[in-house]
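Quick note: the sequence shown, position 40, residue 40 per UniProt numbering, numbers continuous.
All residues carry an ideal CB built from backbone N, CA and C; glycine is no exception.
Have a look at the structure below before the remarks.
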Amino acid sequence: MNPEDVRAEVRKRFGSMSELSRQHNLNPKAVSSAISRAGYSRRVEKIIARAINKRPQTIWPARYDPRTGQPLSFQARVQMKRSRAGV
(Lines of atoms letter the chains of each structure in order from A and count residues from 1; the text may use other names and numbers.)
(Lines give C-alpha, C1' and ligand atoms only; values in the text may rest on other atoms or scores of the structure.)
Protein backbone atom coordinates (compact mmCIF):
# COMPACT_ATOMS: atom_id res chain seq x y z
CA MET A 1 0.00 0.00 0.00
CA ASN A 2 1.12 3.51 -0.62
CA PRO A 3 2.11 5.21 2.68
CA GLU A 4 -0.31 8.07 1.95
CA ASP A 5 -3.15 5.55 1.60
CA VAL A 6 -2.26 4.05 4.99
CA ARG A 7 -2.16 7.52 6.57
CA ALA A 8 -5.51 8.42 5.00
CA GLU A 9 -7.09 5.21 6.28
CA VAL A 10 -5.80 5.84 9.82
CA ARG A 11 -7.04 9.44 9.72
CA LYS A 12 -10.50 8.31 8.53
CA ARG A 13 -10.83 5.92 11.44
CA PHE A 14 -9.05 7.82 14.24
CA GLY A 15 -8.92 11.47 13.18
CA SER A 16 -5.12 11.49 13.33
CA MET A 17 -2.15 9.18 13.52
CA SER A 18 -1.24 10.55 16.95
CA GLU A 19 -4.70 9.56 18.22
CA LEU A 20 -4.07 5.93 17.26
CA SER A 21 -0.69 6.21 19.02
CA ARG A 22 -2.36 7.67 22.12
CA GLN A 23 -4.94 4.89 22.28
CA HIS A 24 -2.11 2.36 22.46
CA ASN A 25 0.06 4.36 24.90
CA LEU A 26 2.73 4.97 22.26
CA ASN A 27 4.90 7.94 21.47
CA PRO A 28 2.73 10.43 19.52
CA LYS A 29 4.94 9.97 16.43
CA ALA A 30 5.10 6.15 16.60
CA VAL A 31 2.39 5.44 14.03
CA SER A 32 3.74 8.00 11.59
CA SER A 33 7.27 6.64 11.98
CA ALA A 34 6.21 3.02 11.48
CA ILE A 35 4.38 3.92 8.26
CA SER A 36 7.38 5.74 6.80
CA ARG A 37 10.37 3.84 8.15
CA ALA A 38 10.83 0.14 7.56
CA GLY A 39 11.96 -1.65 10.68
CA TYR A 40 10.81 1.11 13.07
CA SER A 41 8.59 -1.27 15.06
CA ARG A 42 6.92 -4.55 14.12
CA ARG A 43 4.61 -4.09 17.10
CA VAL A 44 3.39 -0.72 15.80
CA GLU A 45 3.03 -2.15 12.28
CA LYS A 46 0.68 -4.79 13.73
CA ILE A 47 -1.31 -2.13 15.61
CA ILE A 48 -1.73 -0.11 12.41
CA ALA A 49 -2.72 -3.18 10.41
CA ARG A 50 -5.35 -4.21 12.96
CA ALA A 51 -6.67 -0.64 13.09
CA ILE A 52 -7.33 -0.58 9.34
CA ASN A 53 -8.34 -4.25 9.05
CA LYS A 54 -5.42 -5.39 6.93
CA ARG A 55 -2.44 -7.68 7.38
CA PRO A 56 1.01 -6.08 7.80
CA GLN A 57 2.20 -8.18 4.84
CA THR A 58 -0.48 -6.56 2.67
CA ILE A 59 0.39 -3.02 3.73
CA TRP A 60 4.19 -3.41 3.55
CA PRO A 61 4.95 -6.40 1.28
CA ALA A 62 8.62 -5.41 0.89
CA ARG A 63 9.11 -5.75 4.65
CA TYR A 64 8.01 -9.41 4.71
CA ASP A 65 9.18 -12.64 3.11
CA PRO A 66 6.71 -13.37 0.28
CA ARG A 67 6.91 -17.14 0.85
CA THR A 68 6.58 -17.30 4.63
CA GLY A 69 5.03 -13.97 5.57
CA GLN A 70 7.71 -13.53 8.23
CA PRO A 71 9.34 -10.12 8.77
CA LEU A 72 12.56 -9.61 6.84
CA SER A 73 15.65 -8.22 8.50
CA PHE A 74 17.11 -5.02 7.09
CA GLN A 75 19.97 -7.00 5.53
CA ALA A 76 17.56 -9.45 3.88
CA ARG A 77 15.55 -6.56 2.41
CA VAL A 78 18.75 -5.03 0.98
CA GLN A 79 19.74 -8.37 -0.58
CA MET A 80 16.27 -8.83 -2.12
CA LYS A 81 16.39 -5.32 -3.63
CA ARG A 82 19.84 -6.01 -5.09
CA SER A 83 18.80 -9.33 -6.59
CA ARG A 84 15.72 -7.73 -8.20
CA ALA A 85 17.91 -4.96 -9.63
CA GLY A 86 20.42 -7.50 -10.96
CA VAL A 87 23.28 -6.18 -8.83
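Distance from the Cα of Ser21 is smallest, within the candidate group Ser36, Val44 and Tyr40, for Val44. Spanning the alpha carbons of Gln70 and Arg63 requires a straight line of approximately 9 Å. In this structure, DSSP gives Pro71 an extended state, which the three-state scheme calls strand.
With a beta-carbon spacing of about 5 Å, Tyr40 and Ala34 fall inside the 8 Å limit used to define contacts.
Cβ-Cβ distances below 8 Å link Val6 to Ile35, Ile48, Ile52 and Ile59 in the same chain, with the five nearest sequence neighbours on each side left out; the list follows chain order.
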